[in-house]
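Colleague:
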Amino acid sequence: MFKRKLYLRNVVKTVACLAITSMLFLACSKDDMDSISDDIHDIIPEAISEVFREFMPVYSGTTPPDISGEYLCTPYIRKISSILAEKPDYVGDDLYFAFEKAKNGKYSYSEKRKNSLDGSDGASVTVVGEGNWFTAYYTTSGLFGGFQNKRATIISGELTPEGISDFHFAYIMFNKTPIVPANTFSVHIDGDGLAERNNWTSK
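In the numbering used here, the protein residues as written are 23 to 225.
1) Whose CA, out of 83, 196 and 95, lies closest to the CA of residue 115?
2) Compute the Euclidean distance between the alpha carbons of residue 160 and residue 147, then round it to the nearest angstrom.
3) Specify whether the stretch 79-96 and the stretch 211-218 touch according to this definition: at least 3 beta carbon pairs, one from each stretch, less than 8 Å apart.
4) Return the first residue and the last residue of the beta strand (DSSP E) that residue 180 is part of.
5) From this set, 220, 207, 222 and 219, which residue's C-alpha is nearest residue 104's C-alpha?
6) Is the distance from the Cβ of residue 151 to the Cβ of residue 188 below 8 Å?
7) By Cβ distance below 8 Å, which residues in the same chain neighbour residue 53 in space, the five residues on each side in sequence not counted?
8) What three-state label does DSSP hand residue 96 in the structure shown?
9) How far does the beta strand (DSSP E) with residue 131 in it extend, from its first residue to its last?
10) Who does residue 123 pair with in a DSSP beta bridge?
11) For residue 199, does the three-state DSSP call read helix, strand or coil?
12) I need the straight-line Cα distance from residue 110 to residue 223, nearest angstrom please.
13) Span of the beta strand (DSSP E) holding residue 218?
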């Protein structure tokens, strides 16, 4: 009962902040925000960073690893959602995703879902971090829940030879659809803690 009350308190707090900002979020402290490049501020305002800090790590730094590659998140598990009807621990379709690095140092992003038409592509992905720890920020457009939408996405984790350890994936939906209100977010994890490398684009 205590955990349920705590969960509801966090959700109410989150929804209230989203209503005020109706934008995006970040899980860094103010000092971390000051150290992150201006283009990330364009994607993720500082205003609701206090909310998101509770649910996933977000790293800063200017020496992130090269995250180029293809990955598979399975099982894809919901950790938290600002939509009350979306309960934690829900297992969704497997998430296949890939990063490709361009000559200008920016990354492009693509994804697809197992057993689903959902998918998206994003350009101008920014990556921050230090050592093997990183956070990637970007916006994507595509099919989500079967409806066209635009969202902002954050991926955090530790790059390893096997894939991305301590994998966290979060998004906020910009537009309202018949099944998802505007400016709502969800945080997901890999059930075994590792989004493994997977050459899914060549299959």
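We put the CB at the ideal spot given by N, CA and C, even for glycine.
Modeller: So, to answer that:
1) Along the sequence shown, read from residue 1 onward, the residue named residue 115 stands at position 93. It is 95.
2) The residue you call residue 160 lines up with position 138 of the sequence shown. The residue you call residue 147 lines up with position 125 of the sequence shown. About 5 Å.
3) yes
4) Translated into the one-based positions of the sequence shown, residue 180 becomes position 158. Unbroken beta strand (DSSP E) run through residue 180: 169-182.
5) Taking the sequence shown and counting its residues from 1, the one referred to as residue 104 is at position 82. The option with the nearest alpha carbon to residue 104 is 207.
6) Looking up residue 151 in the sequence shown gives position 129. Looking up residue 188 in the sequence shown gives position 166. No; because the gap between Cβ atoms is not below 8 Å, this pair is not in contact.
7) One-based indexing of the sequence shown puts residue 53 at position 31. The predicted position of residue 53 is uncertain, since its pLDDT is 42 and thus under 50; no value can be drawn from it.
8) Within the sequence shown, the letter at position 74 stands for residue 96. It is coil, neither helix nor strand.
9) For this step, residue 131 is matched to residue 109 along the sequence shown. Looking at the DSSP string, the run of the beta strand (DSSP E) that includes residue 131 is 129-135.
10) In the sequence shown, counting from the first residue as 1, residue 123 sits at position 101. Answer is 129.
11) Mapped onto the sequence shown, residue 199 falls at position 177. Looking at residue 199 - three-state DSSP - the assignment turns out to be coil, as it is neither helix nor strand.
12) To locate residue 110, count along the sequence shown from 1; it is residue 88. To locate residue 223, count along the sequence shown from 1; it is residue 201. Each residue's alpha carbon lies about 30 Å from the other.
13) The residue you call residue 218 lines up with position 196 of the sequence shown. 216-219 is the span of the beta strand (DSSP E), which, as asked, contains residue 218.
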